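First comes the structure, then the notes that go with it.
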Amino acid sequence: AQRVTQPEKLLSVFKGAPVELKCNYSYSGSPELFWYVQYSRQRLQLLLRHISRESIKGFTADLNKGETSFHLKKPFAQEEDSAMYYCALSTGGGADGLTFGKGTHLIIQP
Amino acid sequence: EPEVTQTPSHQVTQMGQEVILRCVPISNHLYFYWYRQILGQKVEFLVSFYNNEISEKSEIFDDQFSVERPDGSNFTLKIRSTKLEDSAMYFCASSDRVASVISPLHFGNGTRLTVT
Numbered sequence: 004a005q006r007v008t009q010p011e012k013l014l015s016v017f018k019g020a021p022v023e024l025k026c027n028y029s030y031s032g033s034p035e036l037f038w039y040v041q042y043s044r045q046r047l048q049l050l051l052r053h054i055s056r057e058s059i060k061g062f063t064a065d066l067n068k069g070e071t072s073f074h075l076k077k078p079f080a081q082e083e084d085s086a087m088y089y090c091a092l093s094t095g096g097g098a099d100g101l102t103f104g105k106g107t108h109l110i111i112q113p
Numbered sequence: 034e035p036e037v038t039q040t041p042s043h044q045v046t047q048m049g050q051e052v053i054l055r056c057v058p059i060s061n062h063l064y065f066y067w068y069r070q071i072l073g074q075k076v077e078f079l080v081s082f083y084n085n086e087i088s089e090k091s092e093i094f095d096d097q098f099s100v101e102r103p104d105g106s107n108f109t110l111k112i113r114s115t116k117l118e119d120s121a122m123y124f125c126a127s128s129d130r131v132a133s134v135i136s137p138l139h140f141g142n143g144t145r146l147t148v149t
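For the record, the sequence lines run as chains A and B.
Going letter by letter, the first sequence gives residues 4 to 113 in the numbering used here.
Going letter by letter, the second sequence gives residues 34 to 149 in the numbering used here.
As structure tokens, this is what we get:
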């Protein structure tokens, strides 16, 4: 069965510092990877997906199949980036569900 | 921008009671999902629904759970006889298909279920 691991429950960085939220996965096939974000009192929303290869709000994530990782990065953190970040995996095809990691609470200090 | 809406935002029920959580997915979406998040734990997949039937369900989704699309707009999750451990935030989500690719999930705000 597939699994998503986010090793950091909490990550605190200063404004302007680089951010890296780690995500590792295990799945024998070719998964699709996502990052979802949940700002305070708001719903879960898609931040980015690996097949889009785009940068959203300055965040990027590269799928590394060799290391089975999909780390989320931003070069300069902003206070409004404070939120819960969830890495999620889809095994692809059909209406299969997402497997989520436990989430990382990112706090950006002024 | 269209949103997935869930009602109620908070539901309190006694152990053993039946509860129905309601969701209105985005109108042109075809795939519907329920997830739950127990306090302090990760978001867990419960069930997906497409073409008026369950597509996939997790081990959590046992005989106490059922889903229904009673009309063209609502998507409900029923828990037949609630247990204390059913207390969680329940998220509904929907997605669409664009050129044979299923689009990302759009989530509702969630219903907090408290079983006493």
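Backbone N, C-alpha and C define an ideal beta-carbon position, used for all residues, glycine too.
Note that the structure is predicted; figures quoted are calculated from it, not measured.
>> I want to verify the contact list: residues of chain B whose CB lies under 8 Å from the CB of Phe37 (chain A), in sequence order.
In response: Residue mapping note: residue 37 (chain A) aligns to position 34 of the first sequence, counting from 1. Within chain B, the C-beta atoms nearer than 8 Å to that of Phe37 (chain A) come from Pro137, in chain order.
> With 8 Å set as the bound, which would you pick, yes or no: does the beta-carbon of Gly141 (chain B) sit closer than that to a beta-carbon of chain A?
Replying inline: By one-based count along the second sequence, residue 141 (chain B) stands at place 108. Taking Cβ atoms only, chain A reaches closer than 8 Å to Gly141 (chain B), which makes this a yes.
> For Glu23 (chain A), which three-state DSSP category applies?
Replying inline: To locate residue 23 (chain A), count along the first sequence from 1; it is residue 20. Of the three classes helix, strand and coil, the one that applies to Glu23 (chain A) here is strand, per DSSP.
> chain A beta carbons: is any one of them nearer than 8 Å to that of Ser127 (chain B)?
Replying inline: Mapped onto the second sequence, residue 127 (chain B) falls at position 94. No, no contact with chain A.
>> Give the list of continuous beta strand (DSSP E) stretches no shorter than 3 residues that lie fully inside the segment 39 to 111 of chain A.
In response: You should have 48 to 52, 75 to 77 and 86 to 93.
> Cα-Cα, which of A:Gly100, A:Gln5, A:Val22 and A:Val7 is closest to Ser85 (chain A)?
Replying inline: Here the question's residue 85 (chain A) lines up with position 82 in the first sequence. Selected option, being the one with the closest Cα: A:Val22.
>> Contact criterion: CB-CB distance below 8 Å. Does Phe78 (chain B) meet it with respect to chain A?
In response: Taking the first residue of the second sequence as 1, we reach residue 78 (chain B) at position 45. With 8 Å as the cut-off, Phe78 (chain B) counts as an interface residue toward chain A.
> Does the beta-carbon distance from Thr147 (chain B) to Gly49 (chain B) come in below 8 Å?
Replying inline: Position 114 of the second sequence holds residue 147 (chain B). Position 16 of the second sequence holds residue 49 (chain B). Result no, Cβ atoms of Thr147 (chain B) and Gly49 (chain B) do not sit closer than 8 Å.
> Where does the unbroken beta strand (DSSP E) through Leu138 (chain B) begin, and where does it stop?
Replying inline: Locating residue 138 (chain B) in the second sequence gives position 105, counting from the first residue. Counting along the chain, Leu138 (chain B) falls outside any beta strand (DSSP E), and DSSP gives it neither H nor E.
> When you compare each of A:Lys76, A:Ser72, A:Ala20 and A:Pro10 to Arg61 (chain A) by their alpha carbons, which one comes out closest?
Replying inline: Start at 1 with the first residue of the first sequence, and residue 61 (chain A) comes out as number 58. It is Gly, not Arg, that sits at residue 61 (chain A) in the sequence shown. Closest option to Gly61 (chain A), judged by alpha-carbon separation, among A:Lys76, A:Ser72, A:Ala20 and A:Pro10: A:Lys76.
> By the 10 Å Cβ neighbour count, where 16 or more other Cβ atoms means buried, how is Asp65 (chain A) classified, buried or exposed?
Replying inline: Mapped onto the first sequence, residue 65 (chain A) falls at position 62. Exposed.
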